[in-house]
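What follows is one structure encoded as structure tokens, with my remarks underneath.
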Amino acid sequence: MKRKLGRGATLALLFASGLLLIAASHQAAAAEPASDSDDFEDGFVEDVQEELPAGVDENGEEKLAYESPEIDPKKFHFADHFDDVEASRKKWVLSQAKKDDIAEEISKYDGLWNWESPQRIVWANDLGLVLKSKAKHAAISAPLRKPFDFKQDKPLVVQYEVTLQEGQECGGSYLKLLSAGKDTEQLTAFNDKTPYTIMFGPDKCGNDVKMHFIFRHVNPINGTITEKHCNKPKNRLEEPFKDKLPHLYQLVVRPDNSFEIRVDHKIINEGSLLTDFKPAVNPPAEIDDPNDKKPEAWDEREKIPDPTAHKPDDWDEDAPPQLPDADAVMPDGWLEEEPDMIFDPTASKPEDWDAEIDGEWEAPLVDNPVCEKAAGCGKWKAPLIPNPNYKGKWRAPMIENPNYQGKWAPKKIANPDFFEDLKPFQMTPISAVGLELWSMSSDILFDNLIITDDVEVARDFAANSFDIKRRYIDRESDSFVNKVVELAKAYPSIWGIGLVAIVALVAITIYLRFGSAKSQDSAAKKAAAEAKKSDELQPDDDEEPEADADEDVEEGSDRAAGDSSKESTPLSASPKKKNKKSDLDDNVEMTKPEESPEEPAQTEETTTKARKRQARKE
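All residue numbers for the sequence shown refer to our numbering, where the first residue is 706 and numbers rise by one.
Below is the structure:
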């Protein structure tokens, strides 16, 4: 049943809100500087409508509008904001390949890609490349406008946005910078074996959260390629996988071998290609001699048993750790003649039992019912207690080994595969960018992907795309609760006032709900009891109404009397209709109460009063 807010509760709520508003206004007034007295003269203030500055809305905040960032081909090796669907589709090539080391039915790259607006549309003209499928292998790639050559002595800057619109429990949203060469000429064959120079981006499966930065290093001596994995950042990256908001990922690799990884413009990892990767770029100059063997007489024991120690004569190694308690006595009622278990007397041999195959049939064992009430059954044995003479096996104490030679280690020899690459930044040139993914979440949106050699260009591109988008989303998410929290942080005294208001509101509500209702019920019951005991006139008859309103008052009295005589009627029941009666009919009914069983008996005083009202009307 719905409850309506009573007048008292409403007043209490208004009281609490008023306290908060008063506190806020006082704090705001205290924070604002006093206005100059020269703003008005002679008590007259001219009403002048100020014009809003350009780019500002009615609330005084900056107007935020999105326009596709301008792409100057001279500044980018690759750039795509995905807003121009036709032009973007021409860049990207869908993979037609299959994975080699997996079952045939799931080996295809059959994940679906589409150019569309995000689920949480901010601007209709802001589109992205969306991976629509989940639990499927998906691969798509695009050639660079011009290959990136690491020998040009300029930094590599990779930047792109990812929005995990359905969150992420297991899957990646990283990209691969494909190595230039024959294997990347046909992008329709792009798969997990396609050579890449750098892999960068977020990845998660369960509690394993990663920010990949892997580069493939070429051995300058024998040409072998090894993957070098960046050390994990100190802080765990969690929010981008949960909040379903756009996030900006940026990798900067500089010619001095330094690198930076940023998420939403904040550095989360940095270091050097030479020292912060595993395995290390450069192998050790010396290695263990694989042909060196430890001598048989080499003694690595730091301590040995004392050869001069002897076992004491009273040391009994055969003594048991526990003995039967000699003081224990068999409890009364113990039935030694009764077994603990007996054959089930209710069991019968199965009809298909074959003695030749299954052996002689025996009924299964069950607990002896005689033993349920007895102290025990079967042969009684004394409980075991610790043996005070038990010492265990004797061992000689340990002493320092006089022949200790230390831990043996093979001798070092020069590493035949040693090399020293002091410029690991000079990697294999990049000719394409690709997304080769598998995810348990769908609708992963990629946006504003650029590859450039200028950090400022990347920063400006983000300022005209990601930064505007996030400012708009943050402004829209600034709810009433957030504003109250910010106000409370700015003015801590509001917490105390708000707490007092809430306590007052709760106390008043409880009183109005229980205390007032209880007092009204008791007063009503008391009045009803007094009315039954006395024939005196009720309060409704104390005052005579005006002559022109006698009919309405009398009808209202009749209805009130009828309602008071039917207190147990359900709330959903419909009231009975009554026909309007004349004063003469009322007079007749009053003089003949036996003909109206529903109306209560009238007293002589009531009859006299009705006659007076009739005379007045005449």
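Quick reminder that beta carbons are idealized off the backbone N, C-alpha and C, glycines included.
Assign residue i to buried or exposed, taking buried as 16 or more other Cβ atoms, counted over all protein chains shown, within 10 Å of its Cβ.
i, result
"A1252", "Note that A1252 scores a pLDDT of 41, beneath 50, so its modelled location is shaky; the value from the coordinates is reported in the next line. Exposed: under 16 other Cβ atoms inside 10 Å."
"I1071", "Before going further, note that residue 1071 is Val rather than Ile in the sequence given. V1071 should be labelled exposed."
"M1046", "exposed"
"P860", "buried"
"A1265", "Here A1265 scores only 38 on pLDDT, less than 50, and its place in the model should not be relied on; the value that follows carries that caveat. Counting Cβ neighbours within 10 Å, A1265 comes out exposed, since fewer than 16 surround it."
"K1096", "exposed"
"L1204", "exposed"
"P852", "exposed"
"L956", "buried"
"R1175", "buried"
"D1152", "buried"
"D1037", "exposed"
"W818", "buried"
"T889", "buried"
"M1035", "exposed"
"G833", "buried"
Please name the residue or residues paired with residue i in a DSSP beta bridge.
i, result
"K836", "The sequence as given places Leu at residue 836; Lys does not occur at that position. Per DSSP, W818, I1149."
"V1075", "Bridge partners of V1075: none, in fact."
"S1144", "G876"
"P951", "T868"
"D785", "L1154"
"K915", "D908"
"D698", "This structure cannot settle anything about residue 698, because the visible part of the chain is limited to 706 through 1323."
"K813", "K803"
"H934", "I919, K983"
In this structure, how does DSSP classify residue i when only helix, strand and coil are distinguished?
i, result
"R1164", "helix"
"E772", "coil"
"A845", "With the sequence shown as reference, residue 845 is identified as Ile, and Ala is not the correct amino acid for it. If DSSP states are grouped into helix, strand and coil, I845 belongs with the strands."
"Y901", "strand"
"S793", "helix"
"P1280", "Because the pLDDT of P1280 is 41, which lies under 50, any placement of that residue in the model is unreliable, and the number read from its coordinates should be weighed accordingly. Of the three classes helix, strand and coil, the one that applies to P1280 here is coil, per DSSP."
"P945", "helix"
"P778", "helix"
"G1201", "helix"
"R1176", "helix"
"V958", "strand"
"T893", "helix"
"E965", "strand"
"E1022", "coil"
"A985", "coil"
"I1104", "strand"
"E1061", "helix"
"Q1131", "coil"
"E975", "strand"
"F1123", "coil"
"A1080", "coil"
Please identify the residue among the options whose C-alpha is closest to the C-alpha of residue i.
i, options, result
"L1325", "I919, T980, K804, M904", "The requested residue 1325 is not part of the displayed model; the chain covers only 706 to 1323."
"C1076", "P1102, E1043, N896, N1106", "E1043"
"V790", "E890, Q801, S773", "S773"
"D1172", "E775, W818, H952, P945", "H952"
"N996", "I1118, P1017, G1111", "I1118"
"H782", "P848, K939, T893", "P848"
"A894", "G1139, K998, A1114", "G1139"
"H934", "R921, I926, L942, E943", "R921"
"S977", "P1029, H970, N962, N987", "N962"
"S1053", "E1181, P1069, G877, G1038", "P1069"
"A1114", "D994, L1028, K983", "D994"
"K887", "C875, Y901, E874", "Y901"
"H842", "S1147, G1201, L1210", "S1147"
"G876", "R1006, D1049, H786, L1142", "L1142"
"K839", "N830, D1165, G816", "G816"
"C1082", "E809, A1031, H1015, W1039", "W1039"
"N1120", "A990, V1211, K998", "A990"
"N936", "K983, I1213, K795", "K983"
"D1011", "K768, W1099, L1150, D969", "W1099"
"Y1109", "D913, K1016, L836, I1009", "I1009"
- Message: Across the stretch 852-861 and the stretch 1133-1149, are there enough close Cβ pairs to call them in contact, namely three or more that are closer than 8 Å?
- Response: yes
- Query: Is the stretch 1093-1113 close to the stretch 1058-1065, with three or more CB pairs under 8 Å?
  - Reply: no
- Message: With three or more beta-carbon pairs closer than 8 Å as the criterion, would you say the stretch 801-808 touches the stretch 888-904?
- Response: yes
- Three or more beta-carbon pairs under 8 Å between the stretch 869-880 and the stretch 1161-1169, yes or no? Touching, no.
- Message: Does the stretch 879-888 come into contact with the stretch 903-915, if we say contact requires no fewer than three beta-carbon pairs (one atom in each stretch) closer than 8 Å?
- Response: Segments in contact, yes.
- Report yes or no: do the stretch 1027-1035 and the stretch 1085-1096 share at least 3 C-beta pairs separated by less than 8 Å? yes
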